[in-house]
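Each step along the sequence shown adds one to the number in UniProt numbering, with nothing skipped, and position 256 is 256. Glycine included, C-beta positions come from ideal geometry on N, C-alpha and C. Computed from a predicted model, the values in this text were never measured in an experiment.
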Amino acid sequence: TTPVHHQDVLTLNDHVWPKWQSIIMHSDGTHSLHFWVNRVLGHLMALERGGMGQQDQHDSQRLEMLKARAVTLRAKRDQIKQQTDVVKILKDKISKDLPLEDDAAAAGGFIEQQKSMLTAWRMQLKDLQRAHHLIGGYELVECKEGKSVCVSFHTAFEGVYLETYNMELDLTRTVQISRHNIPPSFPLESFAKQNLQKDFKAFLQTLSQNLNALAARRRQVCLLKELVGSVEVMESNQLCNILVLMCTAQSETPKAVLCTLEYGDLSQCLPTRVSIECEGTTHHNLTEPG
């Protein structure tokens, strides 16, 4: 008698089943054995066919899902490409100071135009950040998931680093100053009205230049007090654009000399007008040529 192994039963199909059926029928002539084996093997083959059918159905459903996903991704890709093209156009126009009104239709309406504008502003700010990391001046850091940008202005005088001023700009709608630590006497609002909306690069450059000049004038006042004993600072304001100095003239008879320095250009650290008064002499005014 030929035994029926477990591994043979699991691999039975329609082609090998008649062979095993003949072997079982002639092994001991018991019809009940044939009946139960037939039931078991038939059930196994039914399970196998059902499993293959379910697998085919699952593969078909997955294929349809992947096709739908591919269509969605292609549409998203085309949309992003269109938005990217609009942003590039806006960024180029911003860099070249060209008007932006004609791009409203291309940007897909007012809201989409505003989004594209903000993206273009961010791209320009990142370009400026890379440049100023190399040449110094100020640094820009994007924060609040792109809704604002923080600017740090580093000041220096004759190779010595001085104060650092920080400012946060809100980019959600239009570019606006949300907070800063710039001195209240500094004409920040005036500079913002001039260039913040129409020329952001010029706005940052103007602030950096004027803050460096302010830090330089303050540094000069400190150096006068520390190093020159014959000079006394009589009067100075917050911007250090007006300085009144009392000096002692070295002569046979020491005389007091009153020197007034006026800084008409806040972006410079040198005075534009100097007034000198001395006892017993004529009053002198020196003005920088315009």
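Counting the other CB atoms within 10 Å of its CB gives L118 a total of 16 or more, which places it among the buried residues. Between the alpha carbons of M45 and N38 lies a distance of about 10 Å. Straight through space, the alpha carbons of A70 and K76 are spaced by roughly 10 Å. Here N166 carries a strand assignment [DSSP, helix/strand/coil]. Classified as buried, R218 has 16 or more neighbouring CB atoms from the shown chains inside 10 Å of its CB. Straight across, the Cα-Cα distance linking T72 with D78 is about 10 Å. Here I182 carries a coil assignment [DSSP, helix/strand/coil].
The C-alpha of S148 is placed about 5 Å away from the C-alpha of D170.
Comparing C-alpha distances from A215 to each of G264, S251, T164 shows the shortest one belongs to T164. Looking from the CA of L266, the closest CA among L258, P187, L227, M234 belongs to P187. Excluding the 5 residues flanking it on each side, E235 has same chain C-beta neighbours closer than 8 Å at I242, L243, V244, in chain order. For F200 against V175, the beta-carbon gap comes to about 6 Å, under 8 Å, which counts as contact. Contact between P271 and E262 holds: CB atoms are separated by about 6 Å, below the 8 Å threshold. Look at R173 here: in three-state DSSP terms it is coil, with no helix or strand label. Selection A249, S190, N195, P183 evaluated against C240 yields P183 as nearest (Cα-Cα). In the DSSP assignment, E226 falls within the unbroken alpha helix (DSSP H) covering 200-227. When DSSP reads this structure, L243 sits in a beta bridge with S236, L261.
Here N210 is buried. Its C-beta has 16 or more other C-beta atoms within 10 Å. M65 is classed as exposed because its beta carbon has fewer than 16 other beta carbons within 10 Å across all chains shown. Of the candidates Q268, L128, Q205, S178, Q205 places its Cα closest to the Cα of F191. Under the three-state reduction of DSSP output, E139 falls in the strand class.
Distance from the CA of L128 to the CA of L162, rounded to the nearest whole angstrom, comes to 22 Å. Counting along the chain, the unbroken alpha helix (DSSP H) around E189 starts and ends at 188-195. Here the C-alpha atom of I276 lies approximately 23 Å from the C-alpha atom of A213. Secondary structure of K147 (DSSP, three-state): coil. Between the alpha carbons of C259 and G229 lies a gap of roughly 15 Å.
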